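Numbering (this note's numbering), first residue to last: -5 to 374.
Positions of the beta carbon are idealized from the N, C-alpha and C atoms, including for glycine.
Keep in mind that this is a model prediction, so the values were computed, not measured.
Step one of this worksheet: look at the structure below.
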């Protein structure tokens, strides 16, 4: 059953990626033209600012997956339920912190960007930051259900929900763009779909997996162990966030929203490129954790790493080669005039990411073994 979930989950991941790409090919050009570079730049800028707050997760989301799979393998149901309660309360606190920080950012938008933005653009950015902050604050405590589903290897249901959301989201967006709504409406729609998805995850865990949460037992020794594990993932998340979001922030301050829009198109293409790698490695953390817990030999883990890397290399090198040849005319046709520089930015990302992306399962193995410290220190 679990092997079928792994295979079906990976297959549905690729279906989701292909669907995202088809939707992107059809919807994104329409959205760019309806919004215009300035409005799209505002949307991307606000998203990149709030993205910094996602590091408040502190790596706990990954820890929930690892320790849920570990306790499940050891048959420790009570400890598992107490862990869920502990993390739920922690995430409520983190959500409140996100509200405070997001509020401060929203109130200071004019100080950060007024030099290269109009008063109307500043006001719209502030509204989007408010909405995104609320979305993030709600997501933190509710995210434990998605982590639990991943740990229980219920990949099929997760991917099906993701696919339905992938289809409905652009349909609703297009309807709103047709009647004249802009970036703020896009944020509202994204927030609503996210809330609905989180509630669906809760109901699945509660009434399908019969997951229970126990409150009142706060195991400080266990929290210390988890915090040590999570810290290095948290540090890695900070590095990733600086790497992927600083560009929009700096461009917004010194070059304006048009430059942010061009850079954001390159980031969007890069994220599509990366998804082809993570579609495979993303489903293996529970399996690798179980292998480590049961004392799986090094050769089995190494063979899994090698097989996965070979498949990823074939997929990624084919996509990279195609983009080198057809990328420039594709961007001109897809995004329209004014986005040509996104081709060169994308190429820089693609070439620099190729080798790390075919080694993604190695990160999963390090997480399962609680050995993320070495990688995080190297990246710093």
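Exposed unless 16 or more other CB atoms sit within 10 angstroms - verdict on residue i
i           : result
residue 215 : exposed
residue 87  : exposed
residue 36  : buried
residue 105 : exposed
residue 271 : buried
residue 267 : buried
residue 51  : buried
residue 130 : buried
residue 6   : buried
residue 89  : buried
residue 350 : exposed
residue 100 : buried
residue 345 : exposed
residue 108 : exposed
residue 201 : exposed
Delimiting residues of the alpha helix (DSSP H) encompassing residue i
i           : result
residue 56  : 54 to 68
residue 356 : 354 to 362
residue 218 : 214 to 248
residue 201 : 177 to 201
Cutoff 8 Å; reference residue i; Cβ partners in own chain excluding five residues on either side
i           : result
residue 27  : 330
residue 13  : 157, 160, 161
residue 334 : 322, 325, 326
residue 309 : 270, 271
residue 175 : none
residue 45  : 235, 238, 239
residue 91  : 50
residue 11  : 266, 269, 270, 273
Residues near residue i in its chain [Cβ-Cβ closer than 6 Å; skip 5 each side]
i           : result
residue 231 : 49
residue 179 : 170
residue 307 : 352
residue 263 : 340
residue 343 : 264
Cβ-based neighbour list, residue i, same chain, cut-off 7 Å, excluding 5 preceding and 5 following
i           : result
residue 73  : 65
residue 217 : 80
residue 242 : 38, 39, 42, 254, 257, 258
residue 199 : 139, 142, 143, 205
residue 164 : 17, 21
residue 93  : 127, 131
residue 212 : 80
residue 285 : 294, 295
residue 9   : 157
residue 189 : 132
Residue i CB to nearest heavy atom of the ligand NAP below 7 Å
i           : result
residue 162 : As presented, the structure is devoid of all ligands, the ligand NAP included, so that no description of it is given.
>> For a minimum of 4 consecutive residues, which ranges assigned as the alpha helix (DSSP H) are wholly contained in the stretch 281 to 350?
In response: 292 to 328
> In chain order, which alpha helix (DSSP H) runs of at least 4 residues are fully inside the stretch 92 to 157?
Replying inline: 103 to 107, 113 to 145
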